[in-house]
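Novice:
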Amino acid sequence: MEEKNIVDIWRSYDQKLEESRILNMQSWVLNLKNFEFLQSQKAKSVLNRLTTGKWFTVILGIIWVVFLVFLVLNSLTINKIFFVVSAGMIAIITGIAIVVYLKQIFLIRQINHSNSIVETQDKLAHLKLSTLWVTRILFLQCPFHTTWFLNWEMLKHAPTGLLIFQVAITVAFTFLSVWLYRNISDKNMHKKWFKVLFGGSGWTSLILAKDFIEEIDEYRQDHIA
Amino acid sequence: MNQTHGKENFLRLIEENKRIIFKICNAYCSNKHDREDLAQEIIYQLWKSAGSFNSDFRFSTWMYRVALNVAISFYRKAKNIKAIVPISDDLVHVPETSGTHHIHEENINLLQQFIHELRELDRALMILYLEEKSHRDISEIIGISETNVATRISRIKEKLKQRFANINQ
């Protein structure tokens with residue numbers, strides 16, 4: 003099979019498409035007759051759906067932070083110091099996650115499909131991988147979920163066994179959250195715990211994004227192995 | 031973008047280049063429903079990106095960039111959600127017109143099948159090569175050097191020749 007033959011086969015594919023009227027039978031071509039479909043398509047667009055989902059999360063996050071701040075401001079007494087510090091830290095960490103989400107929305111809006119394929123796809127794959135950042139940050143909240151309900155009165159009268167249990171749980175959650183913060187990265191993606199943590203489909207999409215970034219990097223190299 | 035100002039111009043350009051959209055959709059989607067969704071997404075993104083069109087370049091070159099980018103993203107999204115449909119399941123096969131053209135049509139379907147088996151970026155490269163784009167155009171569309179384009183095309187062609195040779199043995 004010569005080079006010319008391959009191109010000839012493709013040319014005849016083109017010709018056959020016309021002859022067999024496949025193009026005219028496609029409903030998307032007929033849709034073109036109604037220009038309004040472009041407006042409705044906007045809502046269905048993949049990137050638009052992606053930003054809509056992120057905006058929804060941001061709005062819920064903001065409501066949650068405002069609620070926490072309201073509670074903190076109304077609990078500023080020494081007896082509620084555990085609640086104030088815990089809820090305050092949860093609000094701050096959620097706030098940081100919201101900022102990362104807003105940055106992602108900004109990056110999605112910067113995606114320009116008329117840039118080169120390698121450049122656009124690289125940005126999209128890195129964007130996908132950046133979801134790891136949000137997860138890492140949110141895990142730092144964990145220890146504060148074990149302390150918000152404590153108060154001095156409770157600690158004074160609690161049995162020693164319960165106090166030891168409380169300290170053990172908080173220390174364990176602190177170590178776990180710091181360990182996850184340090185280890186949730188693309189370098190550990192192929193480890194079993196990572197797969198369990200992110201669930202089947204979430205893990206698959208991250209792995210695919212990482213593999214695609216590697217493929218793009220390899221594609222950019224002039225000297226192919 | 032003077033050429034695509036207004037819906038009439040845009041529709042005319044899409045109509046003139048609809049084969050490109052169709053072939054890209056067929057190369058990245060295995061079933062009819064996905065192909066239709068992808069075609070609509072491509073047309074929407076073309077409309078949305080119309081402002082970034084530089085009239086110094088050909089409309090078709092710009093169109094390839096947008097359409098292939100959208101197709102690769104769409105394909106990757108679908109890949110996350112479900113296992114890829116077996117390539118032979120629902121490809122748009124070119125119907126036979128007469129018995130004498132049978133071998134020729136078999137070759138077209140075989141070529142389509144081969145394209146489906148390539149990785150996303152190689153698939154884009156192959157489509158552009160088959161559309162007889164110059165190495166320079168391909169390099170601009172894909173975003174790699176001309177030398178890289180030449181080497182990769184040569185490798186893919188070699189694989190394709192082997193495939194046809196195996197079939198014809």
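Note that the protein sequences, when read in sequence, are chains A and B.
Using the numbering used here, the letters of the first sequence correspond one by one to residues 3 to 227.
Using the numbering used here, the letters of the second sequence correspond one by one to residues 31 to 199.
Cβ coordinates follow ideal geometry from the N, Cα and C atoms, glycine included.
DSSP three-state call for A/D10: helix, strand or coil?
Specialist: helix
Novice: Closest Cβ-Cβ distance between B/F83 and chain A: below 8 Å?
Specialist: yes
Novice: Counting only runs of 4+ residues fully inside the segment 75–120 of chain A, write out the alpha helix (DSSP H) ranges in chain order.
Specialist: 83–112
Novice: Using a 10 Å radius around the Cβ and a threshold of 16 neighbouring Cβ atoms, would you call B/N61 buried or exposed?
Specialist: exposed
Novice: Among the candidates A/V173, A/H128, A/T162, A/M156, whose CA atom is the shortest distance from the CA of A/L142?
Specialist: A/V173
Novice: Show which residues of chain B have a CB atom less than 7 Å away from the CB atom of A/D213.
Specialist: The contacting residues do not exist; A/D213 stays about 10 Å from chain B at best.
Novice: Using a C-beta to C-beta distance shorter than 7 Å, which residues of chain B count as neighbours of A/L126?
Specialist: S103
Novice: Using alpha carbons as the reference points, say which of B/E66, B/M156, B/I171, B/T177 lies closest to A/V9.
Specialist: B/M156
Novice: Is the CB of B/Q33 under 8 Å away from at least one CB in chain A?
Specialist: Note that B/Q33 scores a pLDDT of 46, beneath 50, so its modelled location is shaky and nothing firm can be said.
Novice: Determine contact between the segment 85–96 of chain A and the segment 120–128 of chain A, defined as no fewer than three beta-carbon pairs at a distance below 8 Å.
Specialist: no
Novice: Assuming contact is defined by CB atoms lying nearer than 8 Å, are A/F200 and A/L210 in contact in what I supplied?
Specialist: no
Novice: Which residue's Cα is closest to the Cα of A/S187: A/S132, A/E155, A/L164?
Specialist: Nearest C-alpha to A/S187: A/S132.
Novice: Among A/T137, A/F175, A/V60, A/K130, which has the Cα closest to the Cα of A/L49?
Specialist: Here the closest residue by C-alpha is A/K130.
Novice: Taking the C-alpha atoms as reference points, what is the distance between B/K78 and B/A97?
Specialist: 12 Å
Novice: Could you confirm whether any beta carbon from chain B is found closer than 8 Å to the beta carbon of A/K197?
Specialist: no
Novice: Could you check whether the Cβ of B/R153 sits closer than 8 Å to any Cβ belonging to chain A?
Specialist: Not a single CB atom of chain A sits nearer than 8 Å to the CB of B/R153.
Novice: Quick one: is A/W12 near chain D, going by C-beta distance under 8 Å?
Specialist: In the structure shown, chain D does not exist; the protein chains are A and B.
Novice: Give every residue of the same chain whose Cβ lies closer than 7 Å to the Cβ of A/K18, excluding the five residues on either side of it in the sequence, and list them in chain order.
Specialist: none
Novice: Would you mind telling me which residues of chain A sit closer than 7 Å to B/V100, beta carbon to beta carbon, in chain order?
Specialist: H115
Novice: Whose C-alpha, out of A/T162, A/T176, A/W57, A/L164, is nearest the C-alpha of A/I100?
Specialist: A/W57
Novice: Cβ closer than 9 Å: which chain B residues qualify as neighbours of A/R222?
Specialist: G173, I174, S175, N178
Novice: Would you say A/D188 lies against chain B (beta-carbon separation less than 8 Å)?
Specialist: no
Novice: Judging by CA-CA distance, which residue of B/R49, B/R65, B/E46, B/N84 is the nearest neighbour of B/C55?
Specialist: B/R65
Novice: Look up B/F40 in the DSSP assignment and say whether it is helix, strand or coil.
Specialist: B/F40 falls in the helix class under three-state DSSP.
Novice: Following the continuous alpha helix (DSSP H) through B/K78, name the residue where it begins and the one where it ends.
Specialist: 62–78
Novice: Where does B/A195 fall in DSSP's three states?
Specialist: helix
Novice: Output the distance between the C-alpha atoms of B/N196 and A/S179, rounded to the nearest integer angstrom.
Specialist: 56 Å
Novice: Say whether chain B places a C-beta atom closer than 8 Å to the C-beta of A/M27.
Specialist: Because the pLDDT at A/M27 is just 47, under 50, the model does not fix this residue reliably, and the point stays unresolved.
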